[in-house]
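Quick mapping for you: the protein sequence lines, in order, are chains A and B. Per my numbering, the first sequence starts with residue 2, numbered consecutively. Per my numbering, the second sequence starts with residue 810, numbered consecutively. Just so you know, even glycine gets a beta-carbon here, dropped at the ideal spot from N, CA and C. A quick write-up on the structure given underneath.
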Amino acid sequence: MVTTYHGTYFDGKSSRAHEVTFTIGGKALSIRGEIVCEDFDLGHCTLEPALGNTCRTLYTPGGGRLDTPDRDAFFPLEETGGDAGMFRLIHFLESRWTAAFGAVAITVLLILVFSIKGIPYLAEAAAFSLPEEVVNALGRRALEQADRFFLDPSELDEDEHLRIQALVDQFVSESGLPEPRALVFRKSPFGPNAFALPGYTVVLTDELVSFVEGDEELLGVVAHELAHMKMRHAARTLLQGTGVFIMVSVLLGDVTSITAAAGTLPALLLKSRYSREFEQEADAIASQWMQAAGYGVEPMIAFLTRLENKDLRTGGPEFLSTHPSVENRISDLRKLAE
Amino acid sequence: MTFENWCQSMHYDLLTNIRQNAYSDTLIYDTFFGMRAKDSILDRPTRPTKQNPEERETRLLPLDFTGTAGEFFRIWIVNITLTILTLGIYGAWAKVRTRRYFHVNTLLDGQAFDYLARPGTILKGHLIVAGAILLINFSNRFFPLTGFALSIAAWCSVPYLLYKAHRFKLRNSAYRNIRFHFTGGLREAYKAYAIFPLAALFSLIFYMLPVISGTSIKPEPGAAPNIIIIMLSVVLSLVLLAVYPYFAFLHRRYFHENMAYGKTAGSFRGKAKPFYGIYASAVFMMLAAFFFGGLLIGMSAGLIAHLVIESGQISKTGIMGITLFSFISFALLFTLVRQYIYSGTFNYAWKHTRLGPVEFDVSLKARDLAWIRFTNILAIVLSVGLLIPWAKVRRARYIITSTVVSFSGDMDAFEADTVYDEGAVGDTAADFFDLDFGW
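If you want it as structure tokens, here you go:
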């Protein structure tokens, strides 16, 4: 059966619009108009996939273009499967709200699975397969930059450095850690702080050394930082950041436009979540070492409590923070001690 | 890892800067006050020309947009789902469907535009650009020197990428089955896009000299600031500021005078002077807003300080409130100024562009654009991204329907040129970093 359709034909050589009728019989396409008389083999024509409510478009071998408002006119081309058939299915999905809601559900699910399990898992695997030298180089570079931009040389006595180093060495052997770690002392404008750089470097600030009460508290802090290093948290943070960046880029298609601006907040929340997980893990491991060395978790709890009392910063809500709230950290530590 | 973050944001800022420098933010300086340019096509007589009776009346044809937010939402979400499920590969097809949706729903004189890029070409572009970004990121972290060299190379290729992006974009746009194309040369691209960033880079190096030469940026106690360096920095910044509008004009001209539709070449008769007017008003608006905004914030900070002294404790809500208030007002101000510059230069450039017998009149208004941009961001954030399609359709509809095409002669008389293929690397890079005109 041959049906006649109406359409508009552009020959591709001039901008003139020809009002035409066309018929499709088997593989033969005949286009007829006032001054148009063209016959084509449908097999050599390219059908543009259907898109929304717009008219259907077919490009002929000679570069001509046939538009028709009749969306099923080119069905014979689509029922054979292949690309055209696939796009018929995609257009079918795009035309239905039920499919759209399904797509929202699948997308949310995939994003959640990937951000909660996928990225951390891949980053962990990658971080532990990095050669030791690369990790050490990362740490050295980070320390050089930190020295250049915000750290000053320590003003504590050399003797105090040696005493603390000896204390940590002893702690390391008591708690069953494999290697002794070199400590780095610096003066910092940001007050009491300690941080672990990749490659077994713990930086202690002078302000921290004078802030802690008793060596046990200091060992608790060092243990926490050593746990970060053992688990390669710094390298994993970098890799997870890259993972989040890739995920947001794939989802939104660019990095600077308005839509990407909307992607920065979820990315930030996700990264803070990763960071809080690392803090929890570091607390858990450090508490094991402290208990193995016979100090228990009390010095860690005492330190956290005093840090919070001292801290006058306008702290935001926990979901925005890189560290879990102190109450949660303390209650976790108590649970671990039991 | 504060420093890594700092590096990342620095890298990001540089990219954003390339984008802003490369494309200036376009539209017309008079529309903000609701006036129309004197030479607007809408004010011209539309009588047939006496000398040539063959020539038809000048017709004014507004562009029409038929896309809807609901329809585009469904296409968008299916695109995203399939892109995730295929680990990014469908992204190329998704991009073609998205762009084609906006082209096909843009109507002039009852006929739709079309977008003809092949997904395979875009996929190749995606792979190359993704590979380059990952390589640069990886090198920056593990081999800083190689990473630095690669970043420099990437920087130097930006004008080339923009040139390729223009070619790709226009070559793949068609109307009445006649393709557009871009006739601009590579040398002009470097002239328009490379000189200003290079000058800005040199002045940046100059500002950073003390840091680079190894001395710390931490102020040495008791060290007097170097007056000569400070003076030179100020002069340098003023010079950069003074030449910027000219380069914004060059960017616009590069695109508009090299646009072609089939065998019909475009021409551009815009001048640099109005760009100076637009940027001067923008700077004036900023200064005025900073002055009054600073006054307001200073006053509220004073009030809070007073309350702190009275009650003896720090009011967290007060400080949060002021911070939030300042942030929102400055975000609003920057949105307004950006859209003012965009609308001013965009309107001006299109009003002074000709494509054979075709002329354009674009009447974007800064306050409308700023309102759309600001509410779009709000809607996107509050809907966790689900209103992105609505926001895109809304902005596109405003820009497209603000355009009127004036036409004298025979719409059927355009002829096609020879079609050749374009690679998509420049297009992908430009799209990824939003180096875009958005017309």
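Asked: Report the option in B:A939, B:P1166, B:V1171 and B:K1072 whose CA atom is closest to the CA atom of A:M248.; Found: B:A939
Asked: Taking 8 Å as the threshold (beta carbon to beta carbon), is B:A921 in contact with chain A?; Found: yes
Asked: Using the beta-carbon count (16 or more within 10 Å), is B:P968 buried or exposed?; Found: buried
Asked: B:F951 versus chain A: which residues are under 8 Å apart at the beta carbon?; Found: V135, A138 and L139
Asked: Near B:I1128, what residues of its chain come up, given a Cβ to Cβ distance below 8 Å and the 5 sequence neighbours on each side ignored?; Found: I1113
Asked: Is there a Cβ from chain A that is less than 8 Å from the Cβ of B:R985?; Found: yes
Asked: Mind pulling the chain A residues with CB within less than 8 Å of B:V887?; Found: I91, L94, E95, A100, A101 and A104
Asked: What is the rounded straight-line gap between the Cα of B:R1163 and the Cα of B:F1169?; Found: 7 Å
Asked: Given this structure, state the Cα-to-Cα distance separating A:L157 from A:A167, to the nearest angstrom.; Found: 16 Å
Asked: Considering only C-alpha positions, which residue in the set A:R233, A:T58, A:T9 and A:Q241 is nearest to A:C46?; Found: A:T58
Asked: Per DSSP, what kind of secondary structure is A:A29 in: helix, strand or coil?; Found: strand
Asked: How big is the Cα-Cα spacing for A:L52 and B:P928?; Found: 15 Å
Asked: Have a look at the DSSP bridge pairing and note the partners of B:T875.; Found: In the DSSP output, where bridge partners are listed per residue, B:T875 has none listed.
Asked: Beta-carbon within less than 6 Å of A:F279's beta-carbon, same chain only, minus the 5 sequence neighbours each way: which residues are those?; Found: H234
Asked: Might you give, ordered along the chain, the residues of its own chain that have their beta carbon closer than 8 Å to the beta carbon of A:A294, omitting 5 neighbours on each side?; Found: F172, E175, S176 and L220
Asked: Taking 8 Å as the CB-CB limit, is B:F1169 close to chain A?; Found: no
Asked: Compute the Euclidean distance between the alpha carbons of B:H975 and B:R1078, then round it to the nearest angstrom.; Found: 20 Å
Asked: Please list, in chain order, the chain B residues whose beta carbon lies closer than 7 Å to that of A:N54.; Found: E880
Asked: What in chain A is Cβ-close to B:Y910, meaning under 7 Å?; Found: L52 and G53
Asked: Residues of the region 69-81 of chain A with a CB closer than 7 Å to any CB of chain D: list them in chain order, please.; Found: Going by chain labels, chain D is absent from the structure shown, which instead holds the protein chains A and B.
Asked: Relative to the C-alpha of B:R1203, which residue among B:N1185, B:M1220 and B:D1219 is closest?; Found: B:N1185
Asked: Reducing DSSP to helix, strand and coil, say where A:E79 ends up.; Found: helix
Asked: Is B:M1040 close to chain A? Criterion is C-beta to C-beta, closer than 8 Å.; Found: no
Asked: Taking C-alpha atoms, which residue in B:R985, B:A1001 and B:L1104 lies nearest to B:V913?; Found: B:R985
Asked: What residues of chain B sit near A:K188, judged by a beta carbon separation below 7 Å?; Found: Under the 7 Å cutoff, chain B gives no residues; its nearest Cβ is about 11 Å from A:K188.
Asked: Can you tell me whether DSSP reads A:H229 as helix, strand or coil?; Found: helix
Asked: If the cut is a Cβ gap below 7 Å, which residues of chain A does B:V1117 touch?; Found: Correct list: empty, because the minimum Cβ distance to chain A is about 12 Å.
Asked: Which residues of chain A have a Cβ atom closer than 8 Å to the Cβ of B:G1130, listed in chain order?; Found: Result: empty, since nearest Cβ-Cβ is about 11 Å, beyond 8 Å.
Asked: Is A:D42 helix, strand or coil by DSSP?; Found: strand
Asked: Rounded to whole angstroms, what's the CA-CA distance from B:G1103 to B:H1161? Just pull it up for me.; Found: 39 Å
Asked: If A:A138 sits next to A:Q241, beta carbons under 8 Å apart, how far is it from one beta carbon to the other, in whole angstroms?; Found: About 20 Å separates the two Cβ atoms, so there is no contact after all.
Asked: If you measure beta-carbon to beta-carbon, which residues of the region 948-978 of chain B are closer than 8 Å to chain A?; Found: R950, F951 and P953
Asked: Give me the Cα-Cα distance between A:T384 and A:V3, rounded to the nearest whole angstrom.; Found: Outside the displayed range of chain A (2 to 339) lies residue 384 of chain A, so it cannot be described from this structure.
Asked: Tell me which same chain residues have a C-beta within less than 8 Å of the C-beta of A:Q146, skipping the five on either side of it?; Found: none
Asked: Less than 6 Å between C-beta atoms, sequence neighbours within five positions excluded: which residues of the same chain meet that for B:T892?; Found: Y899, G900 and A903
Asked: For a cutoff of 8 Å on Cβ pairs, would you count A:A18 as touching chain B?; Found: yes
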